[in-house]
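The sequence shown begins at 54 in the working numbering and counts up one residue at a time. Worksheet: one structure, shown below.
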Amino acid sequence: MTDAPQTTILFLLFPGITQLDFTAPAQALCRLPGARLIGAAASLDPISTDCGFAILPTHEFAAAPQADILCVPGGHGVTEALGDGATIHFIERQAAGATWVTSVCTGAFLLGRAGLLEGRRATTHWAYTHLLPMVGARHEAARVVEDGPVVTSGGVTSGLDFALTLVARMRGDAAAQAIQLAIEYDPAPPFAGGHPDRAPAAVTEGLKARVYDAAAARMAAALKS
């Protein structure tokens with residue numbers, strides 16, 4: 054039996070990243086036979102996350118190897134990253150040589166700023182889907198959206214679904230099922246309310262008023278700049 058071919062899986066890291074956007078798919082994809090995970094950032098300094106702790110990149114942009122799978126996570130730091138030319142250029146350069154170009158949550162807007170969603174179907178966190186036309190994308194109401202080599206996923210926990218979907222495309226359903234079993238991804242949430250389609254309207258409206266109306270406005274402003 055021959056060894057599995059190496060697959061370089063590169064995650065873009067930036068300040069203000071939502072750590073689960075990164076760590077959830079990383080936990081699944083690292084179990085892909087031959088996987089080599091890279092965390093690339095502008096420098097090797099610790100990257101602050103939205104949880105208050107930091108993560109360490111493995112490579113600076115200039116030293117990062119070419120990705121087979123490029124993954125761009127999201128987070129409130131996306132609004133700043135949209136204006137960083139080095140970050141957008143890195144995405145463009147990596148995407149040009151990658152087999153798969155992917156995003157989790159609001160990472161879709163970084164793909165969009167790099168010109169990678171023009172005319173494509175895509176998704177993102179539910180609070181921002183109305184902004185996808187600003188980067189040339191057509192919103193599709195799904196947790197994971199595949200459009201050719203570009204795979205986008207919804208908010209935060211959707212990263213696990215995207216990762217398992219991608220493993221299935223690459224290595225077959227049995228490989229994805231084995232990884233799902235290994236990480237005991239068998240969700241049984243205490244409330245059937247992880248999306249506005251199912252959450253009580255008062256909960257959705259309250260959350261939007263406290264967090265996402267302003268956050269979406271900041272994203273829109275950053276996309277216009």
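Glycine is no exception: its CB is placed at the ideal position from the N, C-alpha and C atoms.
For this session: Identify the continuous alpha helix (DSSP H) that holds residue 132 and give its terminal residues.
Result: As a first step, residue 132 is located in the sequence shown; it is residue number 79 there, counting from the start. Per DSSP, residue 132 belongs to the alpha helix (DSSP H) from 131-134.
For this session: Could you pull out every unbroken beta strand (DSSP E) segment of at least 3 residues lying fully inside the segment 102-171, listed in chain order?
Result: 122-125, 153-157
Problem set entry | Check whether residue 115 and residue 86 have beta carbons under 8 angstroms apart | For this step, residue 115 is matched to residue 62 along the sequence shown. For this step, residue 86 is matched to residue 33 along the sequence shown. Taking 8 angstroms as the Cβ cut-off, residue 115 and residue 86 do not qualify as a contacting pair.
Problem set entry | CB-CB length for residue 127 against residue 157, believed under 8 angstroms | As a position in the sequence shown, residue 127 is number 74, starting the count at 1. As a position in the sequence shown, residue 157 is number 104, starting the count at 1. The pair is a contact, with the Cβ atoms about 6 angstroms apart (cut-off 8 angstroms).
Problem set entry | CB contact flag (residue 215, residue 118, <8 angstroms) | Taking the first residue of the sequence shown as position 1, residue 215 is located at position 162. Taking the first residue of the sequence shown as position 1, residue 118 is located at position 65. Going by C-beta atoms, residue 215 is not nearer than 8 angstroms to residue 118.
Exercise. Are there 16 or more other CB atoms within 10 angstroms of the CB of residue 250, so buried, or fewer, so exposed?
Worked result: Position 197 of the sequence shown, counted from the first residue, corresponds to residue 250. Under this definition residue 250 is an exposed residue.
Exercise. Are the beta-carbon atoms belonging to residue 170 and residue 201 less than 8 angstroms from one another?
Worked result: In the sequence shown, residue 170 corresponds to position 117, counting from 1. In the sequence shown, residue 201 corresponds to position 148, counting from 1. Cβ distance not < 8 angstroms, so residue 170 and residue 201 don't count as in contact.
Problem set entry | residue 267 - containing alpha helix (DSSP H), residue span | Within the sequence shown, residue 267 is the residue found at index 214, counting from 1. Unbroken alpha helix (DSSP H) run through residue 267: 266-277.
For this session: Tell me whether residue 253 sits in a helix, a strand or coil according to DSSP, three-state version.
Result: As a position in the sequence shown, residue 253 is number 200, starting the count at 1. Three-state result, residue 253: coil.
Problem set entry | Residues of its chain near residue 91, where Cβ-Cβ distance is below 8 angstroms and the 5 sequence neighbours each way are ignored | Sequence index remark: in the sequence shown, residue 91 carries index 38 (1-based). So the qualifying residues of the chain are 61, 62, 63, 64, 111, 112, 117, 118, 120.
For this session: For residue 92, name the three-state secondary structure that DSSP assigns.
Result: Along the sequence shown, one-based indexing puts residue 92 at 39. The answer is strand: DSSP assigns residue 92 an E or B state.
For this session: Check whether the segment 177-192 touches the segment 233-241, counting contact only when three or more Cβ pairs, one atom from each stretch, lie closer than 8 angstroms.
Result: no
Problem set entry | Contact check, residue 218 vs residue 192, beta carbons under 8 angstroms | Stepping through the sequence shown from its first residue, residue 218 is reached at position 165. Stepping through the sequence shown from its first residue, residue 192 is reached at position 139. Not a contact, by the Cβ cut-off of 8 angstroms.
Exercise. Taking just the CA atoms, how far does residue 258 sit from residue 75?
Worked result: As a first step, residue 75 must be located in the sequence shown, where it is residue number 22. As a first step, residue 258 must be located in the sequence shown, where it is residue number 205. Cα to Cα, the separation comes out at about 27 angstroms.
Problem set entry | Bridge partner(s) assigned by DSSP for residue 206 | Position 153 of the sequence shown holds residue 206. According to DSSP, residue 206 bridges with 157, 197.
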